[in-house]
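First comes the structure, then the notes that go with it.
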Amino acid sequence: MRARGIVLLLALCMLPFRLMAQEVVADLSQYRVSIDARFDGSQILIFGAIKRDGSPEAAEPVDVVITVAGPPELITVRRKERVAGIWINTRSVDMTRVPSFYKIATSGPLPLIVSDETDREYRISIPRAVQAEGSGADYDGVFPEALIRIRSNNGLYALRENAVRLRSDTLFRAEIGLPANLVEGDYTTRIFLMREGELIARYETQIGVRKVGLERFLYTLAHEQALIYALVSLIIAIFAGWSASALFRYVRG
Amino acid sequence: MQIYLPIAEVSVNAFLLLGLGGLVGLLSGMFGVGGGFLITPLLFFIGIPPTVAVATGANQIVASSFSAVLAHLKRKTVDLRMGSVLLAGGLVGAAAGIALFNYLKTLGQVDLLVTLFYVVFLGIVGALMAVESLRALRRVRGAKGPVRKRKQRNWVHTWPLKVKFRTSGLYISAIPVLMVGASVGVLAAIMGVGGGFIMVPAMIYILGMPTKVVVGTSLFQIIFVTSFTTIMHATTNYAVDMALAVLLIIGGVIGAQFGTMIGYKLRAEQLRLLLALIVLGVCIKLGLELVLQPSELYSIAERGQG
Chain A
3 MRARGIVLLL ALCMLPFRLM AQEVVADLSQ YRVSIDARFD GSQILIFGAI KRDGSPEAAE
63 PVDVVITVAG PPELITVRRK ERVAGIWINT RSVDMTRVPS FYKIATSGPL PLIVSDETDR
123 EYRISIPRAV QAEGSGADYD GVFPEALIRI RSNNGLYALR ENAVRLRSDT LFRAEIGLPA
183 NLVEGDYTTR IFLMREGELI ARYETQIGVR KVGLERFLYT LAHEQALIYA LVSLIIAIFA
243 GWSASALFRY VRG
Chain B
37 MQIYLPIAEV SVNAFLLLGL GGLVGLLSGM FGVGGGFLIT PLLFFIGIPP TVAVATGANQ
97 IVASSFSAVL AHLKRKTVDL RMGSVLLAGG LVGAAAGIAL FNYLKTLGQV DLLVTLFYVV
157 FLGIVGALMA VESLRALRRV RGAKGPVRKR KQRNWVHTWP LKVKFRTSGL YISAIPVLMV
217 GASVGVLAAI MGVGGGFIMV PAMIYILGMP TKVVVGTSLF QIIFVTSFTT IMHATTNYAV
277 DMALAVLLII GGVIGAQFGT MIGYKLRAEQ LRLLLALIVL GVCIKLGLEL VLQPSELYSI
337 AERGQG
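Chains as they are written, first to last, in the working numbering: chain A, 3 to 255; chain B, 37 to 342.
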């Protein structure tokens, strides 16, 4: 009776609680990124520890995958073709909910760490992350491929395998570089704890990227008080033109 | 020193922008052109989005034209009545140009439109100017050959709605003046230029205006038309980048003053030939981009959140 009870308890531990055997405790070096006039990119340090209970399966080695995704955008990808001797945009595809920025850091080769099902469910790899809902079959894969290629060349998308450093299977850290051509918004940071392709724990937080100071002021003015902004631009231009000619007249006597 | 531009949303070197503004200012001072046809393609080249480049280019021209028109007003070489009629046409043209620009932006063809306009107009004007200045240089060297007299009466004199333009010494129909103004307005809106390089030849060869009032009058018109396009681009596209404009303007006004000094030291024909070569160079560079296969066939346009 008692032995059966223990076996039952163990079985219960094996099934649903197996997922609870580990937990991710993480922190970021900064939760706010301020874009001011001198902004030239930034590095975010993501670090943490894997908290385990005493169960034997919790002691098995794990892998860590960290993703940082920029705010989703509505974009159009266009393709040029030669028409009457010149190259012009002909075909185009609209894509929704495409991250403006997407970087992944892993503790090992991504295809080995993350199973295909997990990837599909949580959209971890770059091709899965840019794939919009329901649009997968509507168009051929060349447009998303081109999107990934262009954004990778611009430093907006990247996969860095082995960039997460794991110590004693407990402590992890990774740096994610934010480039200078960053857009405003909330950047979703996800940490996945994987074992043999299966997700065992995850953690999610947001990094707020905001324009501040003069950048904030000009951007808000340009969008909310467009006419005043235009008139101020003109007054600056006219004043600069007038003062330059006045100054040089004065210099020449 | 990198600076993050709030509207263009890119980080660029501030000294590069000052230098670009200075270089274009130098040329505009030397040749008496606004320099918009050079600054806009150069901004494309350093990675400023085309809509921001066109809109901010218009703002920069206001600054460079304003200091020049002050000097012309002082010398009384501005035909205010002619300028006002040109301006009336210009505002209509600019409004139409902005509408066309925004429509093509939704179709994804705005880059093509801007480049085509550049290739066609720079090609025509550059070629005409090169031929004309070469002929003038040969004439000076040979000091012979008859100086062709400009035709005194052409179709602009036969149309109705005649107006007296005292400063220009003309009594001609207002319709061709409005047409010249309107076509320059369209160019200003689409190319982000003042349009002086089109308007000056049109004023001399079509309207028959005396050369001494041409530059001042065209500058007068350009200031108002580019101010109007700046306002239109700022309120419909939110594409005027004040930080970018200020850096270009600072470089530009300083460069323009030095350009004027260099301009005094060169002969007019040599100056025109040099300008023609620069114009043709920009034209060929942009033309090749249309004809040669680009290294990346795909492009991405952000259309907002979501």
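For glycine and all other residues, C-beta sits at the position ideal for the given N, C-alpha and C.
Can you find the residues in the same chain that come closer than 6 Å, C-beta to C-beta, to residue 343 of chain B, ignoring five residues on each side of it along the sequence?
Outside the shown range of chain B (37 to 342) lies residue 343 of chain B, about which nothing can therefore be said.
When DSSP builds the beta bridges, which residues end up paired with residue 65 of chain A?
Sequence index remark: in the first sequence, residue 65 of chain A carries index 63 (1-based). Paired residues: A:196.
Residues in the segment 70-82 of chain A with C-beta within 8 Å of chain B's C-beta atoms, listed in sequence order?
From the segment 70-82 of chain A, only 73, 74, 75, 76, 77, 78, 79, 80, 81, 82 have a Cβ closer than 8 Å to chain B.
Roughly how many angstroms lie between the CA atoms of residue 139 of chain A and residue 133 of chain A, to the nearest whole one?
Along the first sequence, one-based indexing puts residue 139 of chain A at 137. Along the first sequence, one-based indexing puts residue 133 of chain A at 131. At residue 139 of chain A, the pLDDT of 46 sits below 50, so the modelled position is not reliable; the number obtained from the coordinates is stated separately. Each residue's Cα considered, the two are about 10 Å apart.
Could you tell me which of A:29, A:213, A:145, A:234 sits nearest to residue 97 of chain A, measuring between CA atoms?
Translated into the one-based positions of the first sequence, residue 97 of chain A becomes position 95. Here the closest residue by C-alpha is A:145.
With respect to the beta strand (DSSP E) encompassing residue 83 of chain A, which residues constitute its N-terminal and C-terminal limits?
Counting from 1 along the first sequence, the entry for residue 83 of chain A is found at position 81. Note, residue 83 of chain A: beta strand (DSSP E), 74-85.
If I'm right that residue 254 of chain B touches residue 235 of chain B with Cβ under 8 Å, what's the distance once you round it to whole angstroms?
As a working mapping, residue 254 of chain B is identified with position 218 in the second sequence. As a working mapping, residue 235 of chain B is identified with position 199 in the second sequence. Their Cβ separation, rounded to whole angstroms, is 5 Å, which keeps residue 254 of chain B and residue 235 of chain B in contact under 8 Å.
For the beta strand (DSSP E) holding residue 89 of chain A, just list the boundary residues, first then last.
Taking the first sequence and counting its residues from 1, one reaches residue 89 of chain A at position 87. It spans 88-101 - the beta strand (DSSP E) in which residue 89 of chain A sits, taken as one unbroken run.
Determine which residues of the segment 223-247 of chain A have a Cβ less than 9 Å from any Cβ of chain B, and write them out in chain order.
Within the segment 223-247 of chain A, the residues whose Cβ lies closer than 9 Å to some Cβ of chain B are 223, 224, 225, 228, 229, 231, 232, 233, 234, 235, 236, 238, 239, 240, 241, 242, 243, 244, 245, 246, 247, listed in chain order.
To the nearest angstrom, how far is the alpha carbon of residue 125 of chain A from that of residue 59 of chain A?
One-based indexing of the first sequence puts residue 125 of chain A at position 123. One-based indexing of the first sequence puts residue 59 of chain A at position 57. Looking at the two C-alpha atoms, the distance is approximately 26 Å.
Take the Cβ of residue 185 of chain B as the centre, count every other Cβ of all protein chains shown within 10 Å, and call the residue buried at 16 or more, exposed below.
Reading the second sequence from its first residue, position 149 is the one you call residue 185 of chain B. Per-residue confidence for residue 185 of chain B stands at a pLDDT of 48, beneath the threshold of 50, marking its modelled position as unreliable; no derived number is given.
With a cut-off of 7 Å, does the C-beta of residue 150 of chain A fall near any C-beta of chain B?
Numbered from 1 along the first sequence, position 148 holds the residue referred to as residue 150 of chain A. Answer no: the Cβ-Cβ gap between residue 150 of chain A and chain B never drops below 7 Å.
Give me, in chain order, the residues of the same chain whose beta-carbon lies closer than 8 Å to that of residue 38 of chain B; leave out the 5 immediate sequence neighbours on both sides.
On the second sequence, position 2 is the one that residue 38 of chain B refers to. Around residue 38 of chain B: 47, 48, 49, 50.
Would you say residue 278 of chain B reaches chain A, if we count a Cβ-Cβ gap shorter than 7 Å as a contact?
The count along the second sequence starts at 1 and reaches residue 278 of chain B at position 242. Closer than 7 Å: yes.
So if I threshold CB-CB distances at 7 Å, which residues from the segment 317-336 of chain B count as touching chain A?
For the segment 317-336 of chain B, which is checked against every Cβ of chain A, the residues closer than 7 Å are 326, 327, 329, 330, 332, 333, 334, 335, 336.
Between which two residues does the beta strand (DSSP E) containing residue 49 of chain B stretch?
Sequence index remark: in the second sequence, residue 49 of chain B carries index 13 (1-based). Start and end: 47-49.
Please confirm whether residue 209 of chain B and residue 249 of chain B have their CB atoms less than 7 Å apart.
The sequence position of residue 209 of chain B within the second sequence is 173, counting from 1. The sequence position of residue 249 of chain B within the second sequence is 213, counting from 1. Cβ atoms of residue 209 of chain B and residue 249 of chain B: not closer than 7 Å.
Roughly how many angstroms lie between the CA atoms of residue 59 of chain B and residue 164 of chain A, to the nearest whole one?
For the purposes of this step, residue 59 of chain B is taken as residue 23 along the second sequence, with counting starting at 1. For the purposes of this step, residue 164 of chain A is taken as residue 162 along the first sequence, with counting starting at 1. Using only the alpha carbons, I get a separation of about 47 Å.
Output the distance between the C-alpha atoms of residue 183 of chain B and residue 301 of chain B, rounded to the nearest integer angstrom.
Residue mapping note: residue 183 of chain B aligns to position 147 of the second sequence, counting from 1. Residue mapping note: residue 301 of chain B aligns to position 265 of the second sequence, counting from 1. For residue 183 of chain B, the predicted model reports a pLDDT of 47, less than 50, meaning its position is unreliable and no value from the coordinates is stated.
If you reduce the DSSP assignment to three classes, tell me which class residue 116 of chain A lands in.
The residue you call residue 116 of chain A lines up with position 114 of the first sequence. Three-state result, residue 116 of chain A: strand.
What residues from chain B crowd round residue 182 of chain A, counting only those whose CB sits closer than 8 Å?
As a first step, residue 182 of chain A must be located in the first sequence, where it is residue number 180. Here the neighbours are 38, 40, 46, 47.
Assuming residue 91 of chain A and residue 81 of chain A are in contact, meaning their beta carbons sit under 8 Å apart, how far apart are those beta carbons, in whole angstroms?
Residue 91 of chain A sits at position 89 when you count from the first residue of the first sequence. Residue 81 of chain A sits at position 79 when you count from the first residue of the first sequence. About 7 Å separates the two Cβ atoms, so the contact holds.
Since residue 51 of chain A is in the beta strand (DSSP E), which residue starts that stretch and which ends it?
As a working note, residue 51 of chain A is residue 49 in the first sequence. Run containing residue 51 of chain A: 44-54, per the beta strand (DSSP E) assignment.
Are the C-beta of residue 158 of chain A and some C-beta of chain B separated by less than 7 Å?
Residue mapping note: residue 158 of chain A aligns to position 156 of the first sequence, counting from 1. Taking Cβ atoms only, chain B never reaches closer than 7 Å to residue 158 of chain A, which makes this a no.
Cβ atoms of residue 279 of chain B and residue 92 of chain B: under 7 Å apart, would you say?
As a working note, residue 92 of chain B is residue 56 in the second sequence. As a working note, residue 279 of chain B is residue 243 in the second sequence. For residue 92 of chain B and residue 279 of chain B, no; Cβs fall outside 7 Å.
Quick check on residue 225 of chain B: does DSSP put it in helix, strand or coil?
The residue given as residue 225 of chain B occupies position 189 in the second sequence. Of the three classes helix, strand and coil, the one that applies to residue 225 of chain B here is helix, per DSSP.
Can you find a C-beta in chain A that's less than 7 Å from the C-beta of residue 293 of chain B?
Start at 1 with the first residue of the second sequence, and residue 293 of chain B comes out as number 257. Yes - at least one Cβ of chain A is within 7 Å of the one on residue 293 of chain B.
Count the CB pairs spanning the segment 84-99 of chain B and the segment 233-245 of chain A that are closer than 8 Å, and state whether there are at least three.
Cβ pair count under 8 Å is three or more, so yes.
Confirm, please, whether the CB-CB distance from residue 107 of chain A to residue 176 of chain A is below 7 Å.
Counting from one through the first sequence, the residue named residue 176 of chain A turns up at place 174. Counting from one through the first sequence, the residue named residue 107 of chain A turns up at place 105. Yes.
What residue from A:75, A:154, A:109 has the CA that sits closest to residue 187 of chain A's CA?
By one-based count along the first sequence, residue 187 of chain A stands at place 185. That would be A:75, whose Cα lies nearest to the Cα of residue 187 of chain A.
In this structure, does DSSP put residue 150 of chain A in helix, strand or coil?
Looking up residue 150 of chain A in the first sequence gives position 148. DSSP places residue 150 of chain A in helix when its eight states are reduced to three.
Looking at the strands, I want to know which residues DSSP matches up with residue 26 of chain A.
As a first step, residue 26 of chain A is located in the first sequence; it is residue number 24 there, counting from the start. Its beta-bridge partners are A:52.
Along the chain, where does the beta strand (DSSP E) containing residue 200 of chain B start, and where does it finish?
In the second sequence, the residue the question calls residue 200 of chain B occupies position 164. First-last of the beta strand (DSSP E) with residue 200 of chain B: 198-201.
Check whether the Cβ of residue 94 of chain A lies closer than 7 Å to any Cβ atom in chain B.
Stepping through the first sequence from its first residue, residue 94 of chain A is reached at position 92. Interface residue, yes.
Is the CB of residue 253 of chain B under 7 Å away from at least one CB in chain A?
What you label residue 253 of chain B is simply residue 217 of the second sequence in a count that begins at 1. Chain A, which has no Cβ nearer than 7 Å to the Cβ of residue 253 of chain B, makes this no.
Tell me, please, whether the segment 30-38 of chain A touches the segment 209-229 of chain A by the rule of three or more beta-carbon pairs shorter than 8 Å.
With the cut-off at 8 Å, the segment 30-38 of chain A and the segment 209-229 of chain A touch.
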